[in-house]
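K.L.:
In this note's numbering, the protein residues as written are 5 to 384.
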Amino acid sequence: MKQAWIVSPALDLFFVCGGGVFALAFLSHIAAHCGALHQTVFYNNLAVALALLLGETHTTATIVGLAHDGKWSAKHGGRSKTVAWLCLILAFAILLIPALVPLAVRMYLLSVSWHFTRQVYGIVLIYCRKSGYEPDSIDRGLWQAVLQLTMLVWICVQLSNYLAVKEEVFLLQRLPPLAILPPGIVDIMLGAILTCTLLIAARLIFQIFSASACNRIGQSVPPPQALLLLFAVVFMFLPLGPALLFQGPIWLYAPALFHGSQYLCVMWARFSGESDQPERATALTGLYAKCLTLALLFFVCLPFCLSQVFAARGLHYDAAVVAVFVAVQIYHMAMDAVIWRGGKLPQSRSGYCGLKLRVGHRGSTVVHGATAVTVCLNRR
Numbered sequence: 005m006k007q008a009w010i011v012s013p014a015l016d017l018f019f020v021c022g023g024g025v026f027a028l029a030f031l032s033h034i035a036a037h038c039g040a041l042h043q044t045v046f047y048n049n050l051a052v053a054l055a056l057l058l059g060e061t062h063t064t065a066t067i068v069g070l071a072h073d074g075k076w077s078a079k080h081g082g083r084s085k086t087v088a089w090l091c092l093i094l095a096f097a098i099l100l101i102p103a104l105v106p107l108a109v110r111m112y113l114l115s116v117s118w119h120f121t122r123q124v125y126g127i128v129l130i131y132c133r134k135s136g137y138e139p140d141s142i143d144r145g146l147w148q149a150v151l152q153l154t155m156l157v158w159i160c161v162q163l164s165n166y167l168a169v170k171e172e173v174f175l176l177q178r179l180p181p182l183a184i185l186p187p188g189i190v191d192i193m194l195g196a197i198l199t200c201t202l203l204i205a206a207r208l209i210f211q212i213f214s215a216s217a218c219n220r221i222g223q224s225v226p227p228p229q230a231l232l233l234l235f236a237v238v239f240m241f242l243p244l245g246p247a248l249l250f251q252g253p254i255w256l257y258a259p260a261l262f263h264g265s266q267y268l269c270v271m272w273a274r275f276s277g278e279s280d281q282p283e284r285a286t287a288l289t290g291l292y293a294k295c296l297t298l299a300l301l302f303f304v305c306l307p308f309c310l311s312q313v314f315a316a317r318g319l320h321y322d323a324a325v326v327a328v329f330v331a332v333q334i335y336h337m338a339m340d341a342v343i344w345r346g347g348k349l350p351q352s353r354s355g356y357c358g359l360k361l362r363v364g365h366r367g368s369t370v371v372h373g374a375t376a377v378t379v380c381l382n383r384r
């Protein structure tokens, strides 16, 4: 099997496949249950730092990527401005209408599972193409089924108050539980996820035995990174058993060390071929510095400034945080669905082709003899 890595084996396992999340979540869980207060404080502070360094920088990476890539800017500049204006209007609406604050937070929480699972599906296909494995309709169907069911479980858990929580706290907002759906619907979906998981495992065993007979393991079996990603994201969202036990500490780190770091790794691969080897590290460091600067501006400085400027009108800091956060996140999600599409990339000066994702199409192609991959993010 070819080495199907986006960055490198160690970095992929830690930042893309969920290794960092599970390692830190386990350590955080142990510290909390052993009563190690100083260690617990350390892990909580680490989660906040990672959220800024990786989680929020991946959000602003969309803005930086559009500004950095001339073809993206020329092709999607008009849409970018339209989406930006709509998000700005939304931000002002949240600032001016206090009743929209908890509603905006709830809508964001409901959309998180879709955003996570769609990105995971795209990266699963990247690993398949880079390893030389071509998933057939059965693979795609099972993978999409387990991811879509995972997405729906997360939504139904919140809409049914399946976990019997008294309230949720996110973005400094206390959200009352919702009981719109019957809890039984979550149990049905969990059964469907278990069924899909068993089918994936059974198919994998069949593929391994078939490939062993033909001595073609590399091209007849999905790469381990793809399977790790699939089961990692299901475990993160699953509301039962060991997954539920570790869900608190997992979600301290998942936005940064799973979702955000995945996106940054793909962006690294996308832009690393645009500079010669001696200049590559400097160029990528400069791009990351821009992402971090924008993250500090949007998620730290701007909410504080808004709360101070409009304090006389009764605007609180927590409302400013929600307005800015939700608006920037919606821009990020909307533009991601636009920019990660199109044909294969031309080679750069170094002869390297970066990664390119295509959204909304079933087809996919492989650029043979290069490290580039064109992948479909099928949003059926």
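Beta carbons: idealized from backbone N, C-alpha and C, even for Gly. All values derive from a computational prediction rather than experimental measurement.
Among ALA14, HIS33, CYS21 and TRP9, whose alpha-carbon lies nearest the alpha-carbon of LEU248?
P.N.:
Among ALA14, HIS33, CYS21 and TRP9, the Cα nearest to that of LEU248 is on HIS33.
K.L.:
With H, G and I counted as helix, E and B as strand and the rest as coil, what does DSSP make of GLU138?
P.N.:
Residue state, collapsed to three classes: coil.
K.L.:
Output the distance between the C-alpha atoms of VAL325 and CYS38, rounded to the nearest integer angstrom.
P.N.:
C-alpha separation (whole angstroms): 34 Å.
K.L.:
Quick check on VAL68: does DSSP put it in helix, strand or coil?
P.N.:
Correct three-state label for VAL68: helix.
K.L.:
Mapping DSSP to helix, strand and coil, what is ILE235?
P.N.:
According to the sequence as given, residue 235 is Phe; it is not Ile. Helix.
K.L.:
Going by other Cβ atoms of all chains shown within 10 Å of its Cβ, with 16 needed for buried, is ARG144 buried or exposed?
P.N.:
The residue is buried, with at least 16 neighbouring Cβ atoms inside 10 Å.
K.L.:
When the Cα atoms are used, what is the spatial distance from CYS269 to ARG317?
P.N.:
Taking the straight line joining both Cα atoms gives about 42 Å.
K.L.:
What is the C-beta distance between PRO227 and SER135, in whole angstroms, given that I count them as a contact (C-beta under 8 Å)?
P.N.:
4 Å between Cβ atoms; contact.
K.L.:
Three-state secondary structure (DSSP) at VAL332?
P.N.:
Residue state, collapsed to three classes: helix.
K.L.:
Would you report the Cα separation of GLY59 and ALA51, rounded to the nearest angstrom?
P.N.:
Looking at the two C-alpha atoms, the distance is approximately 10 Å.
K.L.:
Use the C-beta contact count for VAL161: other C-beta atoms within 10 angstroms, 16 or more gives buried, fewer gives exposed.
P.N.:
Its Cβ being crowded by 16 or more others within 10 Å, VAL161 is buried.
K.L.:
Along the chain, where does the beta strand (DSSP E) that runs through TRP174 open and close?
P.N.:
Checking the sequence, you will find Phe at residue 174 rather than Trp. Residues 172 to 174.
K.L.:
Run through DSSP, which three-state label would LEU151 get?
P.N.:
Helix.
K.L.:
Indicate whether TYR335 and ALA71 have their beta-carbon atoms separated by less than 8 Å.
P.N.:
No, the pair does not count as a contact, with Cβ atoms beyond the cut-off.
K.L.:
Using 8 Å as the cut-off, can you tell me whether the stretch 203 to 210 makes contact with the stretch 93 to 108, which would need three or more C-beta pairs spanning the two stretches below that distance?
P.N.:
Segments in contact, no.
K.L.:
In whole angstroms, what is the alpha-carbon distance linking ALA293 and ALA273?
P.N.:
Each residue's Cα considered, the two are about 17 Å apart.
K.L.:
Taking all protein chains shown into account, decide if ASP140 is buried (16 or more other Cβ within 10 angstroms of its Cβ) or exposed.
P.N.:
Exposed, because fewer than 16 other Cβ atoms sit within 10 Å of the Cβ of ASP140.
K.L.:
What are the boundary residues of the beta strand (DSSP E) that includes LEU179?
P.N.:
From DSSP, the beta strand (DSSP E) with LEU179 extends over 177 to 179.
K.L.:
Just verifying my parser: in three-state terms, what is the DSSP assignment at ALA183?
P.N.:
If DSSP states are grouped into helix, strand and coil, ALA183 belongs with coil.
K.L.:
Is it the case that the Cβ atoms of ALA230 and TYR321 are separated by a distance below 8 Å?
P.N.:
Contact flag unset, no.
K.L.:
Beta carbon of GLN296, beta carbon of THR66: below 8 Å?
P.N.:
Correcting the residue type first, residue 296 is Leu in the shown sequence and not Gln. Not in contact: LEU296 and THR66 (Cβ atoms no closer than 8 Å).
K.L.:
Rounded C-beta distance between VAL25 and ILE10? I'm assuming under 8 Å.
P.N.:
Not confirmed; about 17 Å, so no contact.
K.L.:
Assuming LEU298 and THR64 make a contact with CB atoms under 8 Å, what is their CB distance in whole Å?
P.N.:
Indeed, because the Cβ distance is near 4 Å, the residues count as touching under 8 Å.
K.L.:
Helix, strand or coil for PHE213, going by three-state DSSP, please let me know.
P.N.:
DSSP places PHE213 in helix when its eight states are reduced to three.
K.L.:
By the DSSP assignment, the alpha helix (DSSP H) with ALA29 in it spans what residues?
P.N.:
Unbroken alpha helix (DSSP H) run through ALA29: 23 to 37.
K.L.:
Which residue wins for smallest C-alpha separation from LEU175, given the options SER214, VAL328 and TRP344?
P.N.:
Nearest option by C-alpha distance: VAL328.
K.L.:
Applying the 10 Å Cβ sphere with the 16-neighbour rule, what's the burial state of HIS42?
P.N.:
Exposed, by the Cβ-count rule.
K.L.:
Do you know offhand how far GLY82's Cα is from GLY290's?
P.N.:
Going from the Cα of GLY82 to the Cα of GLY290 covers about 26 Å.
K.L.:
Going by DSSP, what residue range makes up the alpha helix (DSSP H) through TYR257?
P.N.:
Residues 245 to 258.
K.L.:
Using the rule of at least 16 other Cβ atoms within 10 Å of the residue's Cβ for burial, across every protein chain shown, is PRO13 buried or exposed?
P.N.:
Exposed.
K.L.:
From what residue to what residue does the alpha helix (DSSP H) around ARG274 run?
P.N.:
Element bounds for ARG274: 265 to 275.
K.L.:
Between the Cα of PHE124 and those of LEU28, PHE303 and VAL238, spot the shortest distance and give me the residue it belongs to.
P.N.:
Reading the sequence as shown, one finds Val at residue 124 and not Phe. Of the listed residues, the one whose Cα sits closest to VAL124 is VAL238.
K.L.:
Pop quiz: MET339 and SER84 are said to be a contact at Cβ under 8 Å. What is the actual Cβ separation, rounded to whole angstroms?
P.N.:
6 Å between Cβ atoms; contact.
K.L.:
How many angstroms separate the CA atom of VAL116 from the CA atom of LEU300?
P.N.:
Cα-Cα distance, rounded: 22 Å.
K.L.:
Tell me where the alpha helix (DSSP H) around CYS309 begins and ends.
P.N.:
Residues 306 to 313.
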